[in-house]
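Here is the structure we will look at, set down as structure tokens.
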Amino acid sequence: MSEKKKVEGDLRLDQVSKTFGDFVAVDDLSLVIPKGSFFALLGPSGCGKTTTLRMIAGLEEPSSGKILIGDTDITEAKAYERPVNTVFQNYALFPHLTIFENVAFGLRRRGIKDVNEAVEKVLNLVELAHLKNRKPGQLSGGQQQRIALARAVVNRPALLLLDEPLGALDLKLRRQMQIELKWIQTEVGITFVHVTHDQEEAMTMADTIAVMNNGRIEQMGSPADLYENPRTVFVANFLGQSNFIDGEVEASDGENLVVSLKGSKIALPKSRNNAKSSSLKLGIRPEKFRLHTADEKLTGNFLKGGVITDISFFGVSTQYLVEMPWKQELMVFEQNDGGAPDLEKGDAVTLSWEPQFTFALDGDAK
Amino acid sequence: MKHWLSKNLIRIYAAAAIFYILLPILYTVAFSFNDADKRNIVWQGFTLSAWLNPCEPIGICEALGNSFKVGITATIASTILGTMIAFALGRYNFRGRATTNLLIFLPMATPEVVLGASLLSMFINIQIGAGLVPVIIAHIMFCISFVVVTVKARVASLDPKLEEAARDLYANEWETFRRVTFPLVAPGIAAAALLAFALSFDDFIITNFNSGTLNTFPEYVWTASLRGVPPQANVIGTLMFVIALAIVFAGQVISKRRQTRR
Amino acid sequence: MSIAHTSSSEKVFAPAKKSHRTAYLLLAPGLVWLLIFFAFPLLNLAETSTKTPAPSFETGEFVQTLRFANFIDAFSANQEQFFRSFFYALCATVLALAISYPLAYAIAFRSGVWKNFMLVMVIAPFFTSFLLRTLAWKQILGAEGPVVSVLQFLRILPADATITATAFSVIMGLTYNFLPFMTLPIYASLDRIDYRLLEASGDLYANSATTFRKVTLPLSMPGVVAGTLLTFIPASGDYINAQLLGSPGNFMIGNVINSRFFRVVDYPTAASLSFILMASILVLIVIYIRRAGTDELV
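As structure tokens, then:
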């Protein structure tokens, strides 16, 4: 790569589409990823997130649309011409080269003669300098993953792309790497674009998440934003769990709406309403419910007449399935902090929750 | 005892089978030391004279030289042509795959008599006749298929993500091939070249049809078999065997070393 | 059909790139070579097979008369050799299978550290001139060799009998020559079997004999079929073994074709015989392709 004006800035995708024959993998995608942020593309298998990543890397050509970094249009640029590096899912370390040469690969291709200092520095960053003369086949999965990261980061790209890099690691190692990746990103200051299907991973690491489904972005925002105020059923169910109950708007009462919910009247803050019609799907997260046995004075919204049908112990919390009079089973998480009542299967309970934790979508939303 | 027998019976059998495979080779080696001039059939005494005078019988070293000439030329040409085809088959999806596969496969399945006869027939018709060049042409022809099979297996086991990683790390198409693809496929190409050479060196039927007055080593042995094969032929046979074994074992040591280092 | 195999732990990646132009550029030189020096000569041979001797009766001079009766004449004159060739080839194939399968099994499953060494030993015959090896057998089985002496000593063989110059030694030679062709594909198939399948079989109450019959054997079938084809086809066209280890009474169709080419300069007959041989072999291949497709061939 010759010495050109350094390409940097926000990553912008402008109406990018990718079709494989009849199959539309990415459908008219537009988004802006601010420079220096940790961005996650989250979605189930086949939603188009990996295809999008590959198009940014230059490993796949968009069928239409533009990709820009700052003011520079990189849509036509080949993969080796872009200041973008990728950490691959199975690491793709070169088996015939030592760790040192693997990490130095990008630097050498760019014509940099003296690679020692840069390579040593990044190997120290991932704490694997002592392995520099080994071959990839001699390293463990976690070590390979860190080398793959080092190999990408050493090039100081404008963008670092990560394609489900933690998928092959066991749970504990994965958690550890999530923290490390986040730390490295803030240390190094490069824009990270992380593709994953693991919603917990996305929520812990990213500043901004885009949830993708069927080639489109369903919703984009901060993890808290997406979690507490999902705008589609898909997002509500993909991030964490949700209970959905059908209801009807009856009246307006200042800042709240009065909603008729299976015979009871509950309050819905207008700011939490994303529905356009008066028939609603009301969403409440399981951990927002509280269970009560006695007929105490209840605050907030409440639903009576529930019967516990299942109890599962999760260590940190207990999950209850509660069957309501209208034959719907609701899911409730209670933290095992001693605050919840001692309950058994078959007990009659009332559920309550704070109105601001409700979110409402259109009644016929999918 | 019975348990030991049933577990090891197959191992004993395998050892016996391998001895059976090696038996004629051991015979050949042994009789290279025989103190006999032409009629090297009955053991007459130990001597190194065949080893010390390998080119004594008339025509043997000339034949050997011809075998090398043909072998090296055919190996280089067929390895290049075959490797290119292997890459095409292993990496690309193109129309006409089935026909290509068939065209590569058929020479391996055609009896050598038919291959040799058809080539000679054509060479006669176009007035080229027989000789060194027709033999080399023929050898390249039948070696290509074997090269393709060997290299294709290696190409197929090459993770395309490695080449993507190279491109991601600023290597253009040529650099990717030179620094990633080729080093990883090289062992397969080396094996294919060795195989091609072995096939060419040892070929008799097709060579016999197309060589005319020229003699390769197998042809020398064949003609000599009518009146008596001198021990020097055994010497050459033994040398071939030892060198080939050495190459194969060296190859294995090298590939073990590549996977681990220091 | 690949002799060059990948072991069960190596992954195989399907061809993905769509750019046709590069593929055709890569294919062109080799395929053109094969078209000119394999396909065309065969077509040329086909043309020769319907020729008849020139009116001048000069040796080697023939004219094209489209005499398809050549095939019938050639076949009927050499029926004996044809059937003998296929019979010998069949015997050799069966023997090779019987010898190779246990050997391949031992290498795949019971060899431990010796695996590579044993594989090299199986390929070892490739490293020496097969003529020398066949001549060695002629020596070993010959009248002055050890085998005959021992058998005569044990009174199994009568005093003046020979092993060479019989159908037995020709078949033996054929079997020996093609042993690696049978062993390697079977080994490749067996080596590819995921050992967890065998464990699962044991877990589902099968003893080792049943596991072999119901799991190992069926999974090794591709290798067996490949090895069978790779042995039978060249064996049926061979003439070296018959010439060196047999007598004129054992001659195969290959010997006839060879002599028709060189001794009796009768190209049309030689060509016709070649084609009948090829046709029979192609029938076998077509049956194979029907069941397995062409991608496994190469």
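Protein chains in written order, with my numbering: chain A, 1349 to 1714; chain B, 7 to 268; chain C, 1141 to 1438. Each residue gets a CB set at the ideal place from its N, CA and C atoms; glycine is no exception.
Chain A within 9 Å of residue i, Cβ atoms only
i: Lys-262/B; result: no
i: Ile-253/B; result: no
i: Arg-268/B; result: Bear in mind that the predicted position of Arg-268/B carries a pLDDT of just 41, short of 50, making it too unreliable to give a figure here.
i: Ala-230/B; result: no
Contact belief for residue i with residue j at Cβ below 8 Å, rounded distance in angstroms
i: Ile-1593/A; j: Leu-1609/A; result: 6 Å
i: Ile-64/B; j: Ile-91/B; result: So it is not a contact: roughly 42 Å between Cβ atoms.
i: Val-235/B; j: Asn-46/B; result: 6 Å
i: Ala-1558/A; j: Asn-1622/A; result: Rounded, the Cβ-Cβ distance is 18 Å, inconsistent with contact.
i: Asn-1591/A; j: Pro-1703/A; result: Contact doesn't hold; Cβ gap of about 15 Å is too wide.
i: Val-1364/A; j: Ile-1415/A; result: 6 Å
i: Gly-1560/A; j: Gly-1396/A; result: Correcting the residue type first, residue 1560/A is Met in the shown sequence and not Gly. Indeed, because the Cβ distance is near 6 Å, the residues count as touching under 8 Å.
i: Trp-1701/A; j: Lys-1629/A; result: The Cβ separation is near 16 Å, so there is no contact.
i: Leu-1517/A; j: Gln-1493/A; result: 7 Å
Chain B within 9 Å of residue i, Cβ atoms only
i: Phe-1401/C; result: yes
i: Pro-1513/A; result: no
i: Thr-1434/A; result: yes
i: Gly-1347/C; result: Sequence inspection shows Asn at residue 1347/C; the Gly mentioned does not correspond to that position. No, Asn-1347/C does not count as interfacial toward chain B.
i: Gln-1426/A; result: The sequence shown places Lys at residue 1426/A, rather than the Gln named in the question. True, the Cβ-Cβ gap to chain B drops below 9 Å.
i: Asn-1503/A; result: yes
i: Met-1361/C; result: no
i: Asn-1562/A; result: no
i: Leu-1517/A; result: no
i: Ile-1143/C; result: Confidence in Ile-1143/C is poor, its pLDDT being 38 and thus under 50, which makes the residue's placement too unreliable to answer from.
i: Gln-1292/C; result: no
i: Arg-1250/C; result: yes
i: Ala-1382/C; result: no
i: Phe-1220/C; result: The sequence given here has Glu at residue 1220/C, not Phe. It does not: the Cβ of Glu-1220/C has no partner Cβ on chain B nearer than 9 Å.
i: Glu-1284/C; result: yes
i: Ile-1397/C; result: yes
i: Leu-1441/A; result: yes
i: Asp-1378/C; result: yes
i: Thr-1367/A; result: no
i: Met-1418/C; result: yes
i: Met-1349/A; result: Confidence at Met-1349/A is low in this model, with a pLDDT of 44, below 50, so the placement of that residue should be treated as unreliable; the coordinate-derived value is given next. Yes, Met-1349/A lies at the interface with chain B (some Cβ there is under 9 Å from its Cβ).
i: Arg-1494/A; result: no
i: Ser-1148/C; result: For Ser-1148/C, the predicted structure reports a pLDDT of 42, less than 50, and the residue's modelled location is therefore unreliable. A value from the coordinates is still provided. Answer no: the Cβ-Cβ gap between Ser-1148/C and chain B never drops below 9 Å.
i: Ser-1269/C; result: yes
i: Ala-1477/A; result: no
i: Asn-1438/A; result: yes
i: Val-1152/C; result: yes
Residue i - partner residues in DSSP beta bridges
i: Met-1568/A; result: Ala-1558/A
i: Trp-1701/A; result: Asn-1649/A
i: Asp-1601/A; result: Asn-1604/A
i: Thr-1367/A; result: Val-1372/A
i: Leu-1171/C; result: DSSP, once it has assigned bridges, lists no residue as partnering Leu-1171/C.
i: Asp-43/B; result: Answer is none; Asp-43/B lacks a bridge partner.
i: Met-1679/A; result: Leu-1669/A
i: Thr-1192/C; result: Val-1203/C
Residue i at chain C interface by Cβ criterion, 9 Å
i: Gln-258/B; result: yes
i: Ile-242/B; result: yes
i: Phe-223/B; result: yes
i: Ser-127/B; result: yes
inquiry  = Output needed in chain order: residues of the segment 169-189 of chain B with a Cβ under 7 Å from some Cβ in chain A.
reply    = Taking a C-beta cut-off of 7 Å against chain A, the contacting residues of the segment 169-189 of chain B are Glu-170, Ala-171, Arg-173, Asp-174, Leu-175, Tyr-176, Ala-177, Asn-178, Glu-181, Val-186 and Pro-189, listed in chain order.
In chain order, what residues of the segment 1383-1414 of chain A put their CB closer than 8 Å to some CB of chain B? Hits within the stretch, in order: Ala-1405, Gly-1406 and Leu-1407.
Contact set between the segment 1253-1266 of chain C and chain B, restricted to residues whose Cβ is under 8 Å from the partner:
Within the segment 1253-1266 of chain C, the qualifying residues are Asn-1256, Met-1258, Val-1260, Met-1261, Val-1262, Ile-1263, Ala-1264, Pro-1265 and Phe-1266.
- Query: When you check each C-beta in the segment 1443-1470 of chain A against every C-beta of chain B, which residues fall closer than 8 Å?
  - Reply: Within the segment 1443-1470 of chain A, the qualifying residues are Pro-1443, His-1444, Thr-1446, Phe-1453, Gly-1454, Arg-1457 and Arg-1458.
Ordered list of alpha helix (DSSP H) runs contained in the segment 1263-1306 of chain C, each at least 4 residues:
Here the runs fully enclosed are 1270-1281 and 1286-1293.
Quiz item: What are the complete beta strand (DSSP E) segments, minimum 3 residues, inside the segment 1499-1552 of chain A?
Solution: Correct list: 1507-1511 and 1539-1544.
* **Contiguous beta strand (DSSP E) assignments of at least 3 residues, all confined to the segment 1406-1477 of chain A** => Qualifying beta strand (DSSP E) stretches, in chain order: 1412-1417 and 1432-1435.
Listed in chain order, which residues of the segment 92-112 of chain B have Cβ atoms closer than 8 Å to some Cβ of chain C?
Taking a C-beta cut-off of 8 Å against chain C, the contacting residues of the segment 92-112 of chain B are Phe-93, Ala-94, Leu-95, Gly-96, Arg-97, Tyr-98, Asn-99, Phe-100, Arg-101, Arg-103, Ala-104, Thr-106, Asn-107, Leu-108, Leu-109, Ile-110, Phe-111 and Leu-112, listed in chain order.
Residue ranges of each beta strand (DSSP E) within the segment 1233-1267 of chain C, 3 or longer: Taking only runs of at least 3 residues, no beta strand (DSSP E) segment lies wholly in the segment 1233-1267 of chain C.
Contacting positions in the segment 76-92 of chain B - beta carbon closer than 7 Å to chain C: When C-beta distances to chain C are compared with 7 Å, the residues of the segment 76-92 of chain B below that value are Leu-87, Gly-88, Met-90 and Ile-91, in chain order.
If you measure beta-carbon to beta-carbon, which residues of the segment 1604-1623 of chain A are closer than 7 Å to chain B? Residues: none.
Members of the segment 206-222 of chain B that neighbour chain C once the beta carbon cut-off is set at 9 Å = Those would be Phe-207, Asp-208, Phe-210, Ile-211, Asn-214 and Phe-215, in chain order.
According to a CB-to-CB cut-off of less than 7 Å, which residues of the segment 7-22 of chain B neighbour chain C?
-> The segment 7-22 of chain B vs chain C, Cβ under 7 Å: Ile-16, Arg-17, Tyr-19 and Ala-20.
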